[in-house]
Structure formats: structure tokens, C-alpha cells
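Asker:
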Amino acid sequence: MAIDKQMIIASIAALLLVIFIWEQLSLFFESAANSTIGHAEGATDLVVRNSR
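Taking our numbering, the leading residue of the sequence shown gets 407, the next gets one more, and so forth.
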């Protein structure tokens, strides 16, 4: 069974997409948790990471 190049590219793209979404979700929950506790660092950290 030969796996064509398109399949490999698609699976890598899907994996990267999942990783990206996971990072965004964890950042969102991290900043949400920080804001409920009353830390201002979470919001600025989120802005710094997203501007890169």
C-alpha cells in the first residue's frame, strides 16, 4: 500500500492545525484563569505571544 505525497502533506497540515488550535485554547484558558484570579500578567503575555 503506497501512501501518496498528498496524504502525507494533508496529515502534517492537520497535525499542525491541531497543535495551533490547542496552543490557542490553552493560552485562552490560561489568560481567563489569570483574569479571574486578578493577575494582569496573563493579558499582556497573551498580547506579546500573539504579536510574534
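Even glycine gets a Cβ: it sits at the ideal position worked out from N, Cα and C. The structure presented is a predicted model; accordingly, all values stated were derived computationally and were not measured.
Going straight from the alpha carbon of A408 to that of W428, what length do you get?
Answerer: 31 Å
Asker: Have a look at I415 and L423 and give me their C-alpha separation to the nearest angstrom.
Answerer: 12 Å
Asker: Can you give the Cα-Cα distance for A419 and L433, rounded to whole angstroms?
Answerer: 21 Å
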